[in-house]
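Residue numbers (the numbering used here): 540 to 719.
Note that CB positions come from ideal geometry on N, CA and C, so glycine has one too.
Beneath this line is the structure, given in structure tokens, with notes to follow.
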């Protein structure tokens with residue numbers, strides 16, 4: 540079994556703040572332009588994509604939005620989906636875009652609430668074609684997804700954090716937390 544990294548330690552190690560500032564805001568979490576994709580085969584069909592007023596960003600899922608709120612609370616500089624890593628292949632999955640990039644520590648973060656076959660291919664190819672960048676990858680998955688855990692072990696993903704551990708640590712602290 541893969542051991543999940545401690546979320547609080549993860550954020551504290553990357554922040555100059557030892558006490559985060561989660562500001563309460565009276566704004567809707569997701570705008571009226573919320574989009575929920577229902578296309579078959581789309582990894583985001585299970586998520587709520589849309590603009591979040593409180594963080595002034597479009598996010599593909601609740602998990603990503605909550606993670607961004609924590610980064611902002613700790614004043615950790617990040618970019619959301621800043622780069623596409625292209626693969627030198629003629630057919631199939633030709634690129635991968637990690638969810639977050641931490642600019643100070645030069646780390647990549649991938650949040651996977653739903654791990655489909657296409658996502659697995661992207662991450663395998665990321666490891667194959669960009670091994671140095673892969674070594675800086677943190678994988679955020681559900682501790683209840685045996686498939687995602689097996690995949691993380693098989694691929695030797697450098698750091699795994701379980702989303703449920705993040706939620707139990709931060710849901711009560713972060714305003715506009717989405718989900719249960």
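| Counting along the chain, where does the beta strand (DSSP E) carrying residue 612 start and finish? | Element bounds for residue 612: not the beta strand (DSSP E) but the alpha helix (DSSP H), 601-612.
| message | Taking its Cβ as the centre, do 16 or more other Cβ atoms sit within 10 Å of residue 657, making it buried, or is it exposed? | response | exposed
| Contact belief for residue 550 with residue 640 at Cβ below 8 angstroms, rounded distance in angstroms | Not really, about 16 angstroms apart at Cβ, beyond 8 angstroms.
| request: Taking 8 angstroms as the threshold, find out whether the region 686-693 comes into contact with the region 712-719 through three or more Cβ pairs. | output: no
| query | Who are the Cβ neighbours of residue 560 in its own chain at under 7 angstroms, not counting the five residues just before and after it? | reply | 612
| query | Using CA coordinates, which residue listed in 629, 719, 684 is at the minimum distance from residue 655? | reply | 684
| query | Using a Cβ-Cβ distance under 7 angstroms, would residue 607 count as near chain B? | reply | Looking at the structure shown, chain B is missing, and only one protein chain is on hand.
| field | C-alpha distance - residue 610 paired with residue 642, whole-angstrom precision | value | 12 angstroms
| message | Check this for me: beta carbons of residue 635 and residue 665, under 7 angstroms apart or not? | response | yes
| task | Look at the alpha carbon of residue 678 and the alpha carbon of residue 590, and state the distance between them as a whole number of angstroms. | result | 24 angstroms
| In angstroms, rounded to a whole number, what distance separates the CA positions of residue 627 and residue 554? | 36 angstroms
| Local conformation of residue 658 per DSSP, three classes | helix
| said: Mapping the DSSP letters down to three states, classify residue 705 as helix, strand or coil. | reply: helix
| Expressed to the nearest angstrom, what Euclidean distance is found between the alpha-carbon atoms of residue 630 and residue 668? | 15 angstroms
| Using the beta-carbon count (16 or more within 10 Å), is residue 545 buried or exposed? | exposed
| request: Assuming residue 620 and residue 593 form a contact by the criterion Cβ under 8 angstroms, report the distance between their Cβ atoms to the nearest whole angstrom. | output: With a Cβ gap of about 19 angstroms, residue 620 and residue 593 do not count as contacting.
| said: Excluding the 5 residues flanking residue 579 on each side, which residues of the same chain have their C-beta closer than 7 angstroms to its C-beta? | reply: No answer about residue 579 holds up, because its pLDDT of 44 lies below 50 and its placement is not dependable.
| message | Distance check for residue 632 and residue 708, CA to CA, integer angstroms please. | response | 36 angstroms
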